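**Student:** My numbering numbers the first residue of the sequence shown as 201 and each following residue consecutively. One structure, as structure tokens, below. Some questions next.
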Amino acid sequence: MNSDSKIKEQKGFIDSSGEEIKERDFIINELRAKLVQLEKQLRNKEESIGSIEDRFRKAFHSNPAAMVITRLQTGEIIDCNQSFEILSGYLYDDLLGKSTKELGIYYEPEFRDKLILVLEQSGKVRNMEMKLVSNSGEVKLCQFYTEKIEVEGENCLLSIINDITEQRRAEEARNTAEAELRQNQQSLKQQNEEYLTLNEELNESNLRIKEINDDTKAICALRKLTTIL
């Protein structure tokens with residue numbers, strides 16, 4: 201092979217290698233651009249998730265209803281709002297890390313087991329009534345709502361608890377008042393019926409007295425007439 205042929209062959213190799221390098225660089229640049237785009241999307245998602253978590257945290261802690269987050273397996277409290285502190289009578293730091301059973305919050309110790317059973321069957325719990333024992337020992341009638349959530353990869357329960365003690369007392373007082381009213385109305389009706397019966401008897405008595413008076417007058421007139429004759 202002469203020198204010209206070798207030069208042409210080397211040139212062809214260089215040209216071929218140059219094309220491969222350009223193609224490789226193009227692919228690398230495309231991958232870098234996609235990586236930058238993915239990183240940007242990831243940052244946007246993280247910011248969006250952070251914003252959602254921030255809004256949830258604000259709504260959670262400012263909610264007037266008592267709210268508490270517990271671990272599904274153990275019932276350990278990992279967060280609660282001020283309304284739950286007021287309802288339970290415990291301070292925030294005294295609640296964190298303690299299970300509901302440790303605190304003795306449930307008047308019926310088996311309530312949580314029943315709660316978990318309903319949760320497994322239907323996926324959520326709505327309007328379940330329960331008695332809550334506060335730190336002072338006061339028993340409060342509550343309405344319970346709960347559903348599963350995930351916190352840092354762990355299954356937890358988000359529960360909302362409404363104190364309906366006063367509402368139930370008002371309902372019972374109203375029911376008692378209504379029952380007394382019905383009883384009074386029934387008693388009044390019975391008294392009216394008795395009055396009407398007595399009135400009828402009085403009318404009959406008056407009629408008989410009138411008849412006796414008439415008969416007496418007739419007898420007296422007859423006697424007078426007999427005396428004259």
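Glycine is no exception: its CB is placed at the ideal position from the N, C-alpha and C atoms. Since we're looking at a predicted model, the values are computed, not measured.
Would you report the Cα separation of V432 and Y395, rounded to the nearest angstrom?
**Tutor:** With the chain covering 201 to 429 only, the question about residue 432 has no answer from this structure.
**Student:** With K331 and E347 assumed to form a contact (beta carbons below 8 Å), what rounded beta-carbon distance in angstroms separates them?
**Tutor:** About 21 Å; that fails the 8 Å criterion.
**Student:** What residue range does the alpha helix (DSSP H) around T300 cover?
**Tutor:** Segment T300 to L303, the alpha helix (DSSP H) holding T300.
**Student:** Report the rounded CA-to-CA distance for L287 versus F344, giving the unit in angstroms.
**Tutor:** Going from the Cα of L287 to the Cα of F344 covers about 13 Å.
**Student:** Short of 7 Å in beta carbon distance, which residues of its chain neighbour F311, apart from the five on each side in sequence? Order them along the chain.
**Tutor:** Counting only Cβ-Cβ distances below 7 Å, and skipping sequence neighbours, we find M330.
**Student:** Please classify L317 as buried or exposed, where buried requires at least 16 other C-beta atoms within 10 Å of its C-beta.
**Tutor:** It is exposed - the Cβ of L317 has fewer than 16 other Cβ atoms within 10 Å.
**Student:** Would you call the stretch 258-277 and the stretch 350-370 touching, i.e. three or more CB-CB distances under 8 Å?
**Tutor:** Touching, yes.
**Student:** If you check the beta carbons only, do E276 and G297 fall under 8 Å apart?
**Tutor:** Yes, these two residues count as a Cβ contact at 8 Å.
**Student:** Given that a residue counts as buried once 16 or more other Cβ atoms are within 10 Å of its Cβ, and exposed if not, what is C420?
**Tutor:** With fewer than 16 Cβ atoms within 10 Å of its Cβ, C420 is classed as exposed.
**Student:** Taking DSSP's pairing of strands, which residues face Q343 in a bridge?
**Tutor:** Paired residue(s): E329 and N362.
**Student:** Which residues mark the beginning and the end of the beta strand (DSSP E) in which A266 is found?
**Tutor:** Its beta strand (DSSP E) spans residues A266 to R271.
**Student:** Can you tell me whether DSSP reads Y292 as helix, strand or coil?
**Tutor:** Y292: helix per DSSP, three-state reduction.
**Student:** Between T300 and A373, what straight-line distance do the alpha-carbon atoms span, to the nearest angstrom?
**Tutor:** Approximately 32 Å between the Cα atoms of the pair.
**Student:** Which partner residues of N263 appear in the DSSP bridge assignment?
**Tutor:** According to DSSP, N263 bridges with nothing at all.
**Student:** Return the CA-CA distance between L291 and S322, expressed in angstroms with no decimal places.
**Tutor:** Rounded to the nearest angstrom, the two C-alpha atoms are 33 Å apart.
**Student:** On the three-state DSSP scale, how would you describe N281?
**Tutor:** N281: coil per DSSP, three-state reduction.
**Student:** Would you list the one or two residues that DSSP bridges to V351?
**Tutor:** Per DSSP, E354.
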